[in-house]
Amino acid sequence: MIAPKDCVWVGRELSDYLGDGLDAADRRTIETHIVICPPCRANLAQMRATRRAAAHVELEGLSPDAVIALTRTFRSWARAREET
Amino acid sequence: MSVDHRPRPSAPTDSAVVLALRAGDERTFATLCGDYGPSMLRLASSFAPSRAVAEEIVQETWVSVLLAIDDFEGRAALRTWVFTILINCSRRVAAREGRSVPFAALGRPHDDGSDPVPGRFFDADHPRWAGMWATTVDAWRWVPEEQLLGREALGVITRSLDTLSRGQREVFLLCDVEGWPAEEVRGALGLTAANQRVLLHRARARVRSALSAYLGNPS
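In the order they appear, the protein sequences are chains L and F.
Per my numbering, the first sequence runs over residues 1 to 84.
Per my numbering, the second sequence runs over residues 1001 to 1219.
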């Protein structure tokens, strides 16, 4: 069993902390802890940076052929709809 | 704190989009495909033996969306609905392709229970340092923004997606890459809050490790 306020606990809850998913008491516990714990502070900074960088990841899009096929699909769907 | 710069369709926008689709507005459809396409393709890829099949899954998903567009009632966000259909399509196609992954790998809601970064804490029964850091966390928190958000670092993140379990990848993609709220992600993937939290935490820790290795501080 993990003690509620050690580094392992803080590490587990960091993700929720970043996503505003923790209640006020737990948030305070983390904020108090990181003031006195440099590794946890660094850990938080890294998790936060990871999350920020992830928001900038650009994934590969559909191939031009697939886009053309989709457009064609949409047109025939829309036409069929109009006719009925 | 907002980390997401992507458009977030809210409910009223959704209904406008749905009305435009129903009216056969091609530009609305193209915009939607462009916005959701990359994430749809990446998610579908986990189920598909090839990129061609993944693209097929995305095609099929849009066909299903169009055929059911009159039934969309706006109870969930449009994108949640689209991605739910995508996951269903992916599973169907995976089965058809005979590439159906073993059941245990499907989402792996409970994961393998291991800490993604083992050996970094003293054991819980350590007389003095239980639950404290056993290693230093090297601080790369001062990494300049242009390096963190540079093409290479983002490439490291993209490649690290391959090392995640499917469940971790799905949750990470929707939560952190797309910036969806946790509740919507749970809705689209059919996860409990607890599962979603665990998957997201493990995924972030793994991606962070990859980033750490790239930034010169292997952890």
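All residues carry an ideal CB built from backbone N, CA and C; glycine is no exception.
| field | Candidates F:V1058, F:I1069, F:A1077: closest to L:L70 by CA position | value | It is F:V1058.
| field | Classification of F:T1061 by the beta-carbon crowding that lies within 10 angstroms, buried from 16 upward | value | Here F:T1061 is buried: its Cβ has 16 or more other Cβ atoms, across all protein chains shown, within 10 Å.
| Of all the CB atoms in chain L, is at least one closer than 8 Å to the CB of F:Q1168? | Output row for F:Q1168: interface = no.
| Where the alpha helix (DSSP H) through F:D1125 begins and ends | Here F:D1125 belongs to no alpha helix (DSSP H), and DSSP marks it neither H nor E.
| query | Which same chain residues, not among the five before or five after F:A1124, have their C-beta less than 8 Å away from its C-beta? | reply | A1130, G1131
| Taking 8 Å as the CB-CB cut-off, is F:H1110 touching chain L? | Note that F:H1110 scores a pLDDT of 42, beneath 50, so its modelled location is shaky and nothing firm can be said.
| task | Run the CB neighbour count on F:Q1147, radius 10 Å, all protein chains shown included, and call it buried at 16 or more, exposed below. | result | exposed
| field | CB contact flag (F:G1164, F:A1203, <8 Å) | value | The displayed chain sequence assigns Leu, not Gly, to residue 1164 of chain F. Yes. Within cutoff.
| Which first and last residues belong to the alpha helix (DSSP H) in which F:T1158 is found? | 1151-1160
| said: Let me see if you follow: with CB-CB separation under 8 Å, is F:V1058 close to chain L or not? | reply: yes
| task | Return yes when at least one heavy atom of the ligand GDP lies under 7 Å from the C-beta of F:L1161, else no. | result | With respect to small molecules bound, the structure shown includes none, and the ligand GDP cannot be examined in it.
| In or out: L:I2 buried (at least 16 other Cβ within 10 Å) or exposed? | Residue placement at L:I2 cannot be trusted, given a pLDDT of 43 that sits under 50; what the coordinates show is reported in the next sentence. That one is exposed.
| query | Three-state secondary structure (DSSP) at F:W1133? | reply | strand
| query | Name the residues in the segment 1141-1165 of chain F whose C-beta lies less than 8 Å from a C-beta of chain L; which are they? | reply | R1141, V1143, L1148, L1149, A1153, L1154, I1157, T1158
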